[in-house]
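Enquirer: Residues in the sequence shown are numbered consecutively from 15, following our numbering.
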Amino acid sequence: MSAHDSPQSLTQKAHRHAKWLAVWQSRGALARTLYPLSWLFEKIVRVRRAAFLRHWCAQYRMPIPVVVVGGIMVGGVGKTPIVARLVQDLREAGFHPVIVSRGYGGANAANHRMEATRVIENSLASEVGDEPLQLAMNTGVPVWVGQDRVAVARAVCVAHPECDVIVSDDGLQHYHLYRDIELVVMDERGVGNGWCLPAGPLREPPARLNSVFAIVQHSRGIAQNARAFAWMPEPLNTPQFAVNSTLGDAYALLDRHQRQPLHAFVGQKVLRCAGIARPQVFFEMLAGEGIAGETLALPDHAPFDESLAQSLSAMDFDVLLLTEKDAVKCLPWVNSHSELARRIWVVPLVVAPNVDWTDLSQQIVARLRTIGD
Numbered sequence: 015m016s017a018h019d020s021p022q023s024l025t026q027k028a029h030r031h032a033k034w035l036a037v038w039q040s041r042g043a044l045a046r047t048l049y050p051l052s053w054l055f056e057k058i059v060r061v062r063r064a065a066f067l068r069h070w071c072a073q074y075r076m077p078i079p080v081v082v083v084g085g086i087m088v089g090g091v092g093k094t095p096i097v098a099r100l101v102q103d104l105r106e107a108g109f110h111p112v113i114v115s116r117g118y119g120g121a122n123a124a125n126h127r128m129e130a131t132r133v134i135e136n137s138l139a140s141e142v143g144d145e146p147l148q149l150a151m152n153t154g155v156p157v158w159v160g161q162d163r164v165a166v167a168r169a170v171c172v173a174h175p176e177c178d179v180i181v182s183d184d185g186l187q188h189y190h191l192y193r194d195i196e197l198v199v200m201d202e203r204g205v206g207n208g209w210c211l212p213a214g215p216l217r218e219p220p221a222r223l224n225s226v227f228a229i230v231q232h233s234r235g236i237a238q239n240a241r242a243f244a245w246m247p248e249p250l251n252t253p254q255f256a257v258n259s260t261l262g263d264a265y266a267l268l269d270r271h272q273r274q275p276l277h278a279f280v281g282q283k284v285l286r287c288a289g290i291a292r293p294q295v296f297f298e299m300l301a302g303e304g305i306a307g308e309t310l311a312l313p314d315h316a317p318f319d320e321s322l323a324q325s326l327s328a329m330d331f332d333v334l335l336l337t338e339k340d341a342v343k344c345l346p347w348v349n350s351h352s353e354l355a356r357r358i359w360v361v362p363l364v365v366a367p368n369v370d371w372t373d374l375s376q377q378i379v380a381r382l383r384t385i386g387d
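(1) Taking all protein chains shown into account, do 16 or more other C-beta atoms lie within 10 angstroms of the C-beta of I134, making it buried, or fewer, making it exposed?
(2) Just grab the DSSP bridge partners of R132 for me.
(3) For H271, name the three-state secondary structure that DSSP assigns.
(4) Among residues of its own chain, excluding the 5 on either side of P253, which ones have a beta-carbon nearer than 6 Å to its beta-carbon?
(5) Is it buried or exposed, W158, if we count other Cβ atoms within 10 angstroms and call 16 or more buried?
(6) Since I believe V379 is in contact with A107 (beta carbons under 8 Å), could you give me their beta-carbon distance rounded to a whole number of angstroms?
(7) Determine, using beta-carbon pairs with one atom in the segment 82 to 93 and one in the segment 287 to 298, whether at least three such pairs fall under 8 Å.
(8) Would you check if the segment 311 to 319 and the segment 21 to 40 touch, i.e. whether three or more CB-CB distances between them fall below 8 Å?
(9) Return the CA-CA distance between S140 and L322, expressed in angstroms with no decimal places.
(10) Fully enclosed by the segment 61 to 124, which beta strand (DSSP E) runs are 3 residues long or longer?
(11) In whole angstroms, what is the alpha-carbon distance linking V257 and E56?
(12) From which residue to which residue does the beta strand (DSSP E) around S225 run?
(13) Under DSSP, the alpha helix (DSSP H) around R168 begins and ends at which residues?
(14) Would DSSP call P50 helix, strand or coil?
(15) If I measure Cβ to Cβ from V59 and keep anything under 6 Å in the same chain, skipping five residues before and after, which residues do I get?
(16) Quick one: is N122 buried, meaning 16 or more other Cβ sit within 10 Å of its Cβ, or exposed?
(17) Which residues bound the beta strand (DSSP E) around D314?
(18) Measure from the alpha carbon of S225 to the alpha carbon of each residue in Q274, S233, D201, Q187, then state which is nearest.
(19) Measuring alpha carbon to alpha carbon, tell me which residue in L363, L191, I385, Q39 is nearest V262.
(20) I'd like to know whether the C-beta of A64 is nearer than 8 Å to at least one C-beta of chain C.
(21) So, under 8 Å CB-CB, T337 and F296 are touching, yes? Tell me the CB distance rounded to an integer number of Å.
(22) Specify, as a first and last residue, the run of the alpha helix (DSSP H) that W34 falls within.
This is the structure we're talking about:
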């Protein structure tokens, strides 16, 4: 974080992003003004996808199946907990999965490096990305990152001959990597105003939803925007599965085995902090657990570095509650800011298995076994 990136300036960036997300929920004046650019963007997206479908552009098939967990929506639909739960279910079904990711927020993406890198628990989020490090620490399976997903997938197949399925965290639009199963994760915003960037929040038009294996409607306790679902494709033939995520017990940043139920923080002087695509979702979920207090909204992938640690140390609170995605970025300075670190508790977001999730998981397993045969 530079000298200019104070918590206040980072919060301003997060608020600007939130305003754009709000613009994209309706077809207001600003969205309509930008629509000509969206029309052009959508045409380019359609031509690009057609080029891969018609084999004008190369797709690379791996010797093992590839499952892509992605989205067509900008702005944090909650893919990471879905990936983590899917990997857990695959392991329980007897598979040996490996996760690949681009490593958003890390040096691999920022410097456009092409080489594949394995993420381990001692990796730095600033180098490999926050979400891949979170997955590496939580899932117990190999996690690899790199800008070129094909190169990463190839490296995985060489380094882990025992692995029999690749799970790609995001990458729905990275068509060079052939995929056997595509899952699209959506949240309460649906498809927003139904328009592609920049007038809307979509990377691909809503019709893309009819070409995937399944749609995961991911709820985090936030009310659905019914208007946003009005722009879904008609008819929508893809199976949809409603999945809920909840906040788990918090654990101490300095000791993952030291846990507290969330109600233990009710009544304390709490600072709720999040550097994710939609910090307000985290804040509202905590509020639903009775946890009030100040909030600090930071941009997605915001660096939790020494400079921010110094700023946080000067703030007045008893407990700082963070997401797991943000917590992994704090690890390099826990010793130099031990007083702050002792006040930090990490709140995980976990998929709560239900009938829909069990059904989807079983269908994925069955499909993978068919491919294997």
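Backbone N, C-alpha and C define an ideal beta-carbon position, used for all residues, glycine too.
Expert: Once the coordinates are examined:
(1) Counting Cβ neighbours within 10 Å, I134 comes out exposed, since fewer than 16 surround it.
(2) Answer is W158, bridged to R132.
(3) Here DSSP, grouped into helix, strand and coil, assigns H271 to strand.
(4) Here the set comprises A228.
(5) Looking at its Cβ environment, which holds 16 or more other Cβ atoms inside 10 Å, W158 is buried.
(6) Contact between A107 and V379 is confirmed by a C-beta separation of about 5 Å, below the 8 Å threshold.
(7) The segment 82 to 93 vs the segment 287 to 298: in contact.
(8) Contact holds: three or more Cβ-Cβ distances are below 8 Å.
(9) About 14 Å.
(10) If we require 3 residues or more, the beta strand (DSSP E) runs fully inside the segment 61 to 124 come out as 80 to 84, 111 to 115.
(11) Taking the straight line joining both Cα atoms gives about 29 Å.
(12) Unbroken run through S225: none, as it is neither H nor E.
(13) Here the alpha helix (DSSP H) through R168 covers 163 to 173.
(14) In the three-state scheme derived from DSSP, where H, G and I count as helix and E and B as strand, P50 is classed as helix.
(15) Correct list, in chain order: E218.
(16) Below a pLDDT of 50, predicted positions are generally treated as unreliable, and N122, at 48, falls in that range; the measurement from the model is reported next regardless. When all chains shown are included, N122 counts as buried.
(17) For D314, there is no enclosing beta strand (DSSP E), as DSSP gives it neither H nor E.
(18) Nearest option by C-alpha distance: Q187.
(19) Inspection of the sequence shows that residue 262 is occupied by Gly rather than by Val. Distances from the CA of G262 to each of L363, L191, I385, Q39 were compared; the closest alpha carbon is that of L363.
(20) In the displayed structure, chain C is absent; only one protein chain is listed.
(21) T337 to F296, Cβ: 6 Å. Contact.
(22) Note, W34: alpha helix (DSSP H), 21 to 37.
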